[in-house]
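From first to last, the protein sequence lines stand for chains X and C.
Under this note's numbering, the first residue of the first sequence carries the number 1, and numbering increases by one thereafter.
Under this note's numbering, the first residue of the second sequence carries the number 1001, and numbering increases by one thereafter.
Please read the structure below before turning to the comments.
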Amino acid sequence: MTAERAIDIAAAVRKGERSARDVVDEHLARIAERDGELHAFNLVLADEARAAAEAVDAAVARGEDPGPLAGVPVALKDNLCTRGIPTTCSSRILEGWRPPYDATVVERVAAAGGIAIGKTNLDEFAMGSSTENSAFGPTRNPHDPTRVPGGSSGGSAAAVAAQFAPLGLGSDTGGSIRQPAALCGVVGMKPTYGAVSRYGLIAFASSLDQIGPFATTVADAALLYDVIAGHDPLDSTSVHDRLPPMVEAVRQGEDVDGMRIGIVRELMEGIAPDVVAQVNRAADALSAAGAKVDEVSVPACVYGLSAYYLIAPAECSSNLARYDGVRYGLRVDAPDITAMYSSTRAAGFGAEVKRRIMLGTYALSAGYYDAYYGKAQRVRTLIVRDFDAAYKRFDALLSPTSPTTAFAFGAKSDPLAMYMSDVCTIPSNLSGHPAISVPFGVGEDGLPVGVQVMANALQEATVFRAGAALEAQA
Amino acid sequence: MSRINGDDVRHVARLARLDVTDEEVELFTGQLEAVLQHAQDVEALDVADVPPTAHPLPLANVFRDDEPRPGVDRDEVLAMAPDAADGRFRVPRILGEAP
């Protein structure tokens, strides 16, 4: 069954040819049928989604335009604040907490006529690459339920792949949108840092976190991107640049004639041969479509993983200090406040979150700051410089999204082995650049392979165009 | 060369306000060691003359207009607190003396 496109649903609902209520009911029926097995959702918002759909239908009946997402169900990663609706980050420490405000992206989706259909599972506080670190149990890959969906936005990726929703929102700190998109065979895009407001995204590593879309097609991802992007005074890192509509960029997209595309040599090393084969096939396809494809070296990329696993835990240890049992979430009672903090945090956080808090606290502690965090920040500069040099010669860069296809549950119980899953996606987070993962062929196991297209800051149009060209050739 | 021992892990856990069991100390000692071992490639680089990047965007300080506007509702916020009294968060004893 071919997935229904969000663009088509919205067009039909806006014209009154389809009711949003029917669209929502069809998706809720699929969720009821299969989410018991897959566990893409922490919470399905059946009543709220039906009510929102009826409001969209009522607007159409009054002759009003509900907006570009009219009646389209959207799966929200459960680290996006939803007013009055539980937002857990898949952590015991936030179980039952209901935020007093909506994230800016949640408001924008609703204002565009989109329907929040549920809160999706993730690795606790978005720390992981398999969704196995959720306190509420893992999500399963719709293509093979014995495999992980990737992570940390595994729930949103699986929800879109299983057609529980045509669109999903995730967050990407080191690959948490693109890697699960690759493993679940859907499109996932990380915008330029600052292009989408982070207001209401529960922070993991603030200088790296970015919200972005999941969809089954590049055009649908562009549709959602256009809705969520744009300046927001509530996020001080939000950029003021106005970008053209990406939906238009995709329409011209299959034309990559003359586009200069570089295959990043360093990101082709240590990658499974069946994944490398698909990336090479993608390069040939782009070349056949008129692009000028060549190899390029971005040498500092090889330090990305090490720098990331110092910077991200350091920022996480600072951001997660707020979970102390005082203002929200879990509290474990104790006779004095320090004991209350320490016992609450011990009971509320899972193993991976504790590990990263410990690593980050160590990297920031007296005597080690310069050697670890300080040095990692200087390496970040090297990575930015090497990308700058590459973008003098190329419009876009190409690489695998993930070193392998979806792996089995428990296959990467060693934390360092799991961290390696992000080796191709991390460099764009450190540089703040946009990147997309587009499904392109399958591996030897028959599971989806994702190919990544990266571009310079605010060059999302290039990312979407090249992504659309890849999709047309896939 | 081992750079981290159990005492380091206990010290860091205290700084992070995180109770750890003996089993966790043992587990984290090995795992933190492995990650820092991997980070040796970064540690070994001579980047003394490279400026640090804290943030991907060249941002100056950001101001907003100094106009009053509604914030989040106090009662709604306190309703989500583990314990509250008289419009405030309530916490266990902070100072050493008995209540």
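Where is the CB? At the ideal position from N, CA and C, for every residue including glycine.
Keep in mind the model is a prediction, meaning the values are calculated, not measured.
In the DSSP assignment, Thr120 of chain X falls within the unbroken beta strand (DSSP E) covering 115-120. In the DSSP assignment, Met189 of chain X is bridged to X:Ile436. Taking Ala285 of chain X as the centre and dropping the five residues before and after it, the same chain places the C-beta of Gln473 closer than 6 Å to its C-beta, in chain order. Residues of the same chain with a CB within less than 6 Å of the CB of Tyr225 of chain X, apart from the 5 flanking positions on each side, are Pro213, Met246 in chain order.
Three or more beta-carbon pairs separated by less than 8 Å link the stretch 169-184 of chain X to the stretch 148-158 of chain X, which places the two stretches in contact. The continuous alpha helix (DSSP H) containing Asp8 of chain X extends over residues 6-14. For Leu320 of chain X, the closest of X:Thr462, X:Val109, X:Ala346, X:Ser297 by C-alpha to C-alpha distance is X:Ala346. Along the stretch 321-384 of chain X, the alpha helix (DSSP H) occurs as fully enclosed runs of 4 or more residues at 337-348, 351-364, listed in sequence order. Here Leu430 of chain X is buried, its C-beta having at least 16 other C-beta atoms within 10 Å. A direct Cα-Cα distance of roughly 13 Å separates Ala165 of chain X from Arg34 of chain X.
Going by C-alpha positions, Val276 of chain X is about 30 Å away from Glu4 of chain X. When C-beta atoms of the stretch 395-404 of chain X are compared with those of the stretch 433-453 of chain X, three or more pairs fall below 8 Å, so the two segments count as touching.
By the Cβ test, the stretch 112-120 of chain X is in contact with the stretch 46-58 of chain X, since at least three Cβ pairs between them sit closer than 8 Å. Contact note: Ile357 of chain X reaches chain C through Ala1016, Leu1018, using a C-beta cutoff of 7 Å and chain order.
Note on geometry: alpha-carbon atoms of Thr344 of chain X and Asp336 of chain X lie some 12 Å from one another.
Around the beta carbon of Asp102 of chain X, 16 or more other beta carbons lie within 10 angstroms, which makes this residue buried. Chain-order list of chain C residues neighbouring Thr237 of chain X: Leu1057, Leu1059, by C-beta distance under 7 Å. In this structure, Ala157 of chain X sits near Val186 of chain X, with a CB-CB distance shorter than 8 Å.
Shortest Cα-Cα distance from Leu38 of chain X to any of X:Ala300, X:Val105, X:Asp123, X:Asp144 involves X:Asp144.
Positions of the beta strand (DSSP E) runs, each at least 3 residues long and wholly inside the stretch 19-72 of chain X, are given as 41-44 in order along the chain.
Taking a Cβ-Cβ cut-off of 8 Å, the neighbours of Asp1073 of chain C in chain X comprise Pro100, given in sequence order. Relative to the Cα of Leu69 of chain X, the nearest Cα in the group X:Thr2, X:Ala221, X:Ser130 belongs to X:Ala221. With its beta carbon less than 8 Å from one in chain X, Val1062 of chain C belongs to the interface.
Annotation: the continuous beta strand (DSSP E) that includes Val453 of chain X extends over 448-455.
Boundaries for Glu1067 of chain C: no beta strand (DSSP E) harbours it, and the DSSP string shows neither H nor E there.
Here the alpha carbons of Ala461 of chain X and Ala468 of chain X stand approximately 10 Å from one another. Under the 8 Å criterion on CB atoms, Gln377 of chain X is classed as interfacial with respect to chain C. Going by C-alpha positions, Leu1036 of chain C is about 16 Å away from Glu352 of chain X.
In the three-state reduction of the DSSP assignment, Ala272 of chain X falls in the coil class. At a cut-off of 8 Å between beta carbons, Val1077 of chain C contacts chain X. Among the residues of chain C, those whose CB is under 8 Å from the CB of Thr338 of chain X are Arg1017, following chain order. Going by DSSP, Glu295 of chain X is part of the beta strand (DSSP E) stretching over 292-296. Under the three-state reduction of DSSP output, Asn141 of chain X falls in the strand class. Per DSSP, Leu1095 of chain C lies in no alpha helix (DSSP H) segment and is marked neither H nor E.
Distance from the CA of Asn1061 of chain C to the CA of Asp1008 of chain C, rounded to the nearest whole angstrom, comes to 37 Å. Taking all protein chains shown into account, Gly155 of chain X has 16 or more neighbouring C-beta atoms within 10 Å of its C-beta and is therefore buried.
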